[in-house]
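Here the protein sequences come in this chain order: A and B. When we follow my numbering, the leftmost residue of the first sequence carries the number 1, and every step to the right adds one. When we follow my numbering, the leftmost residue of the second sequence carries the number 10001, and every step to the right adds one. Glycine is no exception: its CB is placed at the ideal position from the N, C-alpha and C atoms. This report concerns only the one structure given below.
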Amino acid sequence: MKIFKLFPNAAICFLVAGILFMGCKKSFLDEYNPASRTTDNMYKDPAGYDGLINSCYPLLRNITQSRNLTVKGTDMMCAGGWSGIFFGQANQIGNELDQYDIRLNSTTGALQGLWDDLYKEINRCNAAVDRADGVVGLDPAKKNARVGEAKFLRALSYFWLVQQWGDVPMPLKESLSGKLEATKSASKDIYTQIIADLNSAVTALPASQTDQGRATQGAAKFLLAKVYLTRGWNYNNSLGGSSADFTSSLALCDELIASGLYPLEPNWNNLWPTHDKKVTNAQPSIAAGVTTANASKEVIFAVQYANPQYYYGDGNTNPATGLIGNNMHSQFGHGPSGVAQAGGSTIFYSKLQGDRNYPTWAAYRMFDPTMDSRYEGTFNTVSYATVAQTISLKNNTFSQNLSITYAVGDTTAIILPWNRPLPTGGERGLNVSGGTKKYAVGHISEIVGYAPLTSTTGVVDNMFWASPMFWKFFQPSVPFQDGWSTLNDPIFRSAELYLMAAEAIVKGATGAKLGTADVYYNRVLDRALGTANAGKSPNRALNPEKGTDPVTNIMSYRATPANITVDMILDESAREFLGEGQRWYDLKRTGTLISRGAKYNPWMGYGLSGTPVIAAKHYLRPIPQSMIDLTLPKIDQNPGY
Amino acid sequence: MRKLLFLTSLLLCLTSISWAQSRKLTGHVVASENGSNLSGASVTIKGTSKGVVTNAEGKFSIDIPSKGTSVVVINSIGYASQEIRVTTQTDLTVKLVTETKALDDVVVVGYGSVKKKDLTGAVGSVKATEIVRGNPANATQALQGQVPGVLVTKMSNKPGQLWQIAIRGENTITPNPNADGGVNLTYTSSNQQFQGTEPLVVIDGIIGGKLQDINPADIESMDILKDASSTAIYGSRGANGVIIISSKRGLSGKPRVTLDSYFGQRTPAHLPEMENAKEFYKSTITDAQLNGSTITEASAFNVNELAIINSGKTVDLARLVAGPGMNAGSTLSISGGNGATTYRISGGYIQEDGMVPLTYYKKYNMNTAVDSKITRYLKVGFSLYQNFSTNPTGSLEVPRTVYRERPTSTIYYKDLVDAAIGGDAALGPVNGYAVRMGRGSAVNPLLEATSRENYTWTRNVNSQMGNAYAEITLLEGLVFKSAISVAYQLAKQDEYRGKYSKAINVTGATRASVENDFLSSYTFDNQLSYNYQKGKSKLNVTALQSAYKNTNEFNVISVTGLPYVSYWYNLGSTSGTPVIGSGFNQRTLSSYMGRINYTFNEKYLLTFTGRSDGASQLAPGNKWAFFPSGAFAWRLGDEKFFKKMKSISDLKLRVSYGQVGNSVVSPYSTSATLTPASNYSFGQTAGIGFGPNNLANQDLGWERSQELNLGLNLGLFNNRITAVAEVYNRTTKDLIMRQSIPTTNGFSSVISNVGRVSNKGIELLLNTVNIQTKDFQWTSSINFTKNINKLEELANGAKFGYSGSNTSPESILAVGYPLKSFMYFQANGIWQLKDSVAAKSYGAVPGSVRIVDQNKDGKISAGVLGQDDRVILGSQLPNFTLGFTNRVSYKNFDLAVMMYYRNGTMFRNGFMSSYVSDAGGGARLKLNYWTRNNPSNEMWGMGVAKSFSDALYYEDASFLRIADITVGYNLPKQQLQKLGVDRLRLYAQIINPAYFTKFNGGDPEYNGAAYQDDFPSLTCNFGLNLSF
């Protein structure tokens, strides 16, 4: 019977063991995760919360580098290769983002990238807004300012989204679980939200930040001015705007101008890296080349690249593979001349890579090359040999069977501007029949897109230079190909305040502080003309879209109270901001995408087989296909796609 | 107080075991086959702790109660246990029968064991003789081709390789590198990545042990639980099947010593055939020019190379680098017992040398096991495994560089015609070698291979596993058992890359790193079982509570720029910035289980199991799930109407159904982690940022499989022929994988329960005694496995998807097709001259690869999956496999031959794709290349413009391997007995003597491309088995 005495004791053991695990079942199955940073353990103290706020900035790099939807397909920039159209050849095929044909549809890759990055950014900003109150020990004033930054960035992202796509889903809370449902919000509600966010950012943000590149009150006001201006135009009557918005916009522009915080640079070229045509001259170091530009007070808000150590892209700690440096210097055509390249590219002429964006032929003709400092600042029209070399013209069309020897620093090609006569006879280079110059001499009216062309009088041989190099963002000393520029991308600068104000006044805004619209406009122009030419009348081609118009067909682009129009302001912003990533938005806002685009962009004018296909539906981009595939219920595509 | 009570009652129990009166019983134990005396047999009295051992003449004497009936149990190794009821006898003669009766074999089924005839589920077994047949360094290898339904695949040729194992196909998409039995998280320096199919390994009750950590010679049997009803008792941990290892245990009796030793040589063999210098010249210049290439001799070869070509010599780097190595193993064990305490202690050593010099795998094992029946009611015991292995695998690069290098390279400096070419002159001879091989190419691999100073990579593993239990009989039939299993492993990986390694390439900064991986786990089981028998009914009920915790940690330091050759022993001397990393993860599992076995009339067998598992890595609220299963077996052969059919000696039908869960996700999948960095610069100030990196799935739950299994056991002609057939259908739903979501979430995917995959299969096992005479015996065992894997469904009704973010042809997920399929362009030979017009319309030329225009649109293009020209070409999962083992014995001689055949696996041939350069490139596999004079359809032409040429690399990797052949000789028993030796067998064997395949180049079994690999080899061993 001893057995039975044993039983209760063992049973107790069993029960105790069982209860032990039952009792602490909850804690036993709780995960223990001391090694990982998670949203829950990091975003609860001030340092961790700062990490969250900081993480809202680097995606600006990815977003602003998605230039396909902001630069291409506008009046002033396209994907290049327009020589066939220039010379009237048939069956031309270019980029769908320029031609706006059926290839521009929901599966177009560029759409997905920008869409994804913007919503990723919005989710981070949402997290920053939502989690602020849960952070223990965060100074209330600092919290306020930090939330202001997040709201500013959220507003900026939604502003880009709503301009590109119109009605879009508008999550305002951090995603805590995967949702298949994504309901669209009306554009007017999105504008209301943007304005609300910006108003609270204006209140919360300091006038200046110790950290360069953090959102400031000025940045929020600038954006708000632009939002009001855009809503005032009230695209398709869908934004809930009214003419009062123009007045609100003007007031904010005036306020920022009057603050004196963001004076215009006296010299327009100070905004860009040091440019030196003579590549054999001692080049400044990478950092020194952008010192002035990065310190410019004209810049109200810029995407930061100044410190190469923190170029690492989002989600990547590998400096080799994760670099997201500024690539503006390498994304715009054209490169230096064939001769300069023949000896191998150097650090001085860094080569193009990636998605190329080329000025349209009209863009060159918008400037007065003689007195507008922005022409030579935007385009490099002369190239020099970077290495000593001998080139052969043996197989040249003109069979001159020549060898030309260059020493370092010798001129190899020049391209004359549109307002100079076509060079003839001995004025041409040796590569052309009758030419005597040791370097190629081209003319803007002969430029051939980006490829040599054999069937015309174009400059065709290994001395050729397709067209002036777009070198506004070009940074000396950045290594060939894999180099990243350290220029901060100035996405808001005060010059635009003047043009926004002028536009608002033209649209009926009242209460201007500086005078009539032309006063604002001419401030920008006079700065570009420089002290020597201030007040003079610069001329552009009367018909920039006509590449072969006589050079005498010109018009002045100085504004007067009588002549100022929205079109004229758009011309000026083309000169001032060429390539700066806002052109598509300007044309969309002012409803001139079709009129100006089809007129000045050869591809938009060409459309399909010579007939433009751009239509009203193109003011909105198609919703990316993955959204339609993955949402439940399916999200509606924008009309017409 | 309770403790005190418990102890007191234990003491009471102990003292209560006393015997009033006793008498003597004597006896004589002999072998029934030849009447020889059996010494060392244990004789015990059932239900007591008393026991004695027979002496050299097989005699024994023992005290038994003078009144009543006693049951005497006689055990001797190699013989069936016998029980004799003693009432009045005083002297016994016991004839023990050799243990061959398969049906009475005990099969371990998880928290218990049953006789094979009472099995209701699908369980396969491998016994010791098969495990050590080929002297594997890793017991996993011994399973290959032995058990139907178990797919074992070599992962590389390196010494000490792990083997991949999958039971009944792939049930999951998500790879789980940290599955039970798998390797730890950070062991990624070599290609030993498991795919989430690793079964649970239970070694003597140590749950989650590692097969590579046990000496194969210590294993008594391996039982493999395959169907859901059998694995149900292990719940989610058994989702990929369970392998139960029972080690050899001691038997009560005199100490028994065994020594199993082998020694041999591994020799490079089956090397891929590459073009020699002359052939290389012909294909590079002659053939390419014939095909229209403008390549010239001067552009393709320098004077050093031309000298080799013209001399008629060639450089066969593989044969220069690869050299023979040792293969050896020894296990010494002592087992025995006194009375009710038995023990076994063993020590072992295994060495496997690599073919690359200075590489090897050495493993030292120690295994101790003690079981003791302290009282009639209390039994305790433990097992302890200690293991140390060291595995320098040398350079990761050597074989790859060897195969990349042209046959026109100069190896020795003195042989250079012009040392200036390629920079050899500047470097001078290093150990006599030409560093750049007269070509200016990668560093001479002989430098890396022959000197530790140039490259060393070593993995040392120290592991300990232990299990201790106490079993208390509470009532007749009611037993409580508490067991704790602990496994601990420290793996240390060291690497040094010196000046003349490929990576450092003479001028780079030297590199060294140390990585420590710690892995520990415990399982605590409390089990209550009850046996009840009344009349024809037998009932066994088991209840179990279990808790499991697994912890991984690692730390790593890596530096560059060491001032002198200090390996990893002086990392502080670096001039660079050390890279430091560490990590941690942990998961827990809590379980409650119940099982009922009911047997009626020994003919009708029923099993019901239910298990509730809670897993830490799943979302709160979804952590717990219940998995039921049931099985029924009918011993049809025991029915009266069948007994009349004399030819059928055994017939059993089985049916089982069960559900199991699988929580394949890694820990912390339900929390939102942060990006490694979302850095920004505010002017010159760093803006260190951490953004949310992934979306947490707050609803993540179990993957759930359900499986129906039908089984048949058949024995014919007195079980001379036995067969087991299984048919199963398993569907796994709620697959845990990455699901794409609208990016308005801020993320493009989230780990979710989506999709469904099915595995249907047939397994056959046939054991036959083909010939049996007095002196001659021939037995065969053949097993057949066919598994049909199919992806049934993906999220949101998608037909195609990719696993992970990789969109390469091999990561396709195609509904209706097996996992691990390839979707790519289909090659249909080579465009021939006569088809040049048609070729041109596809933008191809004669000599380029002819791709099938699947959608007949006149062009070959990739567009929308399923509508363009890409099709499913095949899958890495095999069509079927066959294992075939033959054993012949004649008098004292024995012969065993094992063959393994795998059909229908497709690989993108890594070796071929790496070593078939076009004209002007590196070394070239010898293949039938097309030329204008040779209309080959096998391989594209040199110097011909090609697109989609890689479509040719998708090859059928079916192969037949003669795995091993062993010839043995048993020294005659009579002579041995004079020496006091029970058994002495000598044998010779050859391992991997041959394989047959159409797969070009590398080993078809694992598709080696020579990177992080070793050269293939065959092994010749001589061995002995001694016991006394």
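Give the DSSP-derived three-state secondary structure of Thr10574 (chain B) in the structure shown.
coil
Return the residue from the list B:Ser10848, B:Pro10846, B:Ser10841 and B:Gly10847 that minimises the CA-CA distance to Lys10856 (chain B).
Distance check between Lys10856 (chain B) and each of B:Ser10848, B:Pro10846, B:Ser10841 and B:Gly10847 places B:Ser10841 closest, using alpha-carbon atoms only.
Assuming Phe10825 (chain B) and Ala10951 (chain B) form a contact by the criterion Cβ under 8 Å, report the distance between their Cβ atoms to the nearest whole angstrom.
5 Å
Let me see if you follow: with CB-CB separation under 8 Å, is Leu10544 (chain B) close to chain E or not?
Within the model displayed, chain E is absent; protein chains A and B are what it includes.
Note down the Cα distance separating Ile10224 (chain B) from Gly10241 (chain B), rounded to an integer number of angstroms.
7 Å
Starting from the Cα of Asn10505 (chain B), find the closest Cα among B:Arg10436, B:Asn10531, B:Tyr10569 and B:Ala10491 and give me that residue.
B:Arg10436
In whole angstroms, what separates the C-alpha of Ala127 (chain A) from that of Lys173 (chain A)?
7 Å
Using a Cβ-Cβ cut-off of 8 Å, state whether Lys10623 (chain B) counts as contacting chain A.
yes
If the cut is a Cβ gap below 9 Å, which residues of chain A does Tyr10469 (chain B) touch?
Chain A residues near Tyr10469 (chain B): none, gap ~13 Å exceeds 9 Å.
For the stretch 10126 to 10148 of chain B, list every residue whose C-beta sits within 7 Å of some C-beta in chain A, in sequence order.
none
Please work out which residues of its chain come closer than 7 Å, Cβ to Cβ, to Gly535 (chain A), disregarding the five sequence neighbours upstream and downstream, and give them in chain order.
Asp526
Just by C-beta distance, which residues in the stretch 10672 to 10695 of chain B are closer than 8 Å to chain A?
Ala10672, Thr10673, Leu10674, Thr10675, Pro10676, Ala10677, Ser10678, Asn10679, Tyr10680, Ser10681, Phe10682, Gly10683, Gln10684, Thr10685, Ala10686, Gly10687, Ile10688, Gly10689, Phe10690, Gly10691, Pro10692, Asn10693 and Leu10695
With a threshold of 8 Å between beta-carbons, can Pro171 (chain A) be considered close to chain B, or not?
yes
Alpha carbon to alpha carbon, what distance is there between Asp10118 (chain B) and Leu10979 (chain B)?
Each residue's Cα considered, the two are about 42 Å apart.
Counting along the chain, where does the alpha helix (DSSP H) carrying Asp518 (chain A) start and finish?
Ala517 to Asn533
Of the residues B:Leu10396, B:Ala10838 and B:Ala10217, which one's Cα is nearest the Cα of Asn10138 (chain B)?
B:Ala10217
Among the candidates B:Val10107, B:Ala10128, B:Thr10129 and B:Val10871, whose CA atom is the shortest distance from the CA of Ala10122 (chain B)?
B:Val10107
Spell out whether any CB of chain A is found under 8 Å from the CB atom of Phe10600 (chain B).
no
Which residues in chain A sit within 7 Å of Val10750 (chain B), going by Cβ to Cβ distance?
Gly178
Can you have a look at Asp10213 (chain B) and say buried or exposed, based on whether 16 or more other CB atoms are within 10 angstroms of its CB?
buried
Measuring from the CB of Asn11021 (chain B), is there a heavy atom of the ligand PLP at a distance below 7 Å?
As for the ligand PLP, it is missing from this structure, which has no ligand bound.
Determine the DSSP secondary structure at Asn10367 (chain B), reduced to helix, strand or coil.
Assignment of Asn10367 (chain B) by DSSP, reduced to helix, strand and coil, places it in the strand class.
Taking the beta carbon of Phe10996 (chain B) as the centre, do at least 16 other beta carbons fall within 10 Å, making it buried, or is it exposed?
exposed
On a Cα-Cα basis, can you pick out the residue from A:Ile444, A:Arg420 and A:Ala413 that is closest to Thr436 (chain A)?
The shortest Cα separation from Thr436 (chain A) among A:Ile444, A:Arg420 and A:Ala413 belongs to A:Ala413.
Quick one, which of B:Leu10833, B:Gly10348, B:Ser10061 and B:Gly10205 has its alpha-carbon nearest Ile10484 (chain B)'s?
That would be B:Gly10205, whose Cα lies nearest to the Cα of Ile10484 (chain B).
With Thr10258 (chain B) as the anchor, note down where its alpha helix (DSSP H) starts and where it stops.
For Thr10258 (chain B), no alpha helix (DSSP H) encloses it; the enclosing beta strand (DSSP E) starts and ends at Gly10253 to Pro10268.
Thinking C-alpha only, which one of A:Leu620, A:Leu632, A:Gln164 and A:Gly607 is nearest Ile93 (chain A)?
A:Gly607
Under 8 Å by Cβ, that's how I've got Asn10157 (chain B) and Pro11016 (chain B) pegged, so tell me the actual separation to the nearest angstrom.
Correct: roughly 5 Å between the Cβ atoms.
Does the distance from the CB of Val10940 (chain B) to the CB of Ile10860 (chain B) come in under 8 Å?
The sequence given here has Trp at residue 10940 (chain B), not Val. The answer is no: Cβ separation not under 8 Å.
With a Cβ-Cβ cutoff of 8 Å, do Phe10880 (chain B) and Phe10784 (chain B) count as a contact?
yes
Quick one: is Ala10547 (chain B) near chain A, going by C-beta distance under 8 Å?
yes
Please state the DSSP three-state secondary structure of Ser556 (chain A).
strand
Buried or exposed: which applies to Thr457 (chain A), given that a residue is buried once 16 or more other Cβ atoms fall within 10 Å of its Cβ?
With a pLDDT of only 40 at Thr457 (chain A), under 50, the local geometry of the prediction cannot be trusted, and the value read off the model is given with reservation. The residue in question, Thr457 (chain A), is exposed, as its Cβ has fewer than 16 Cβ neighbours within 10 Å.
Could you pull the start and end residues of the alpha helix (DSSP H) that Tyr49 (chain A) belongs to?
Pro46 to Asn54
Between Val10071 (chain B) and Thr10054 (chain B), how many whole angstroms is the CB-CB distance? I'm expecting something under 8 Å.
Actually they are not in contact, since the Cβ atoms of Val10071 (chain B) and Thr10054 (chain B) sit about 18 Å apart, beyond 8 Å.
Residues of chain B with a CB under 7 Å from the CB of Thr631 (chain A): which are they?
Ordered by position in chain B, the residues that pass the 7 Å Cβ test against Thr631 (chain A) are Pro10742.
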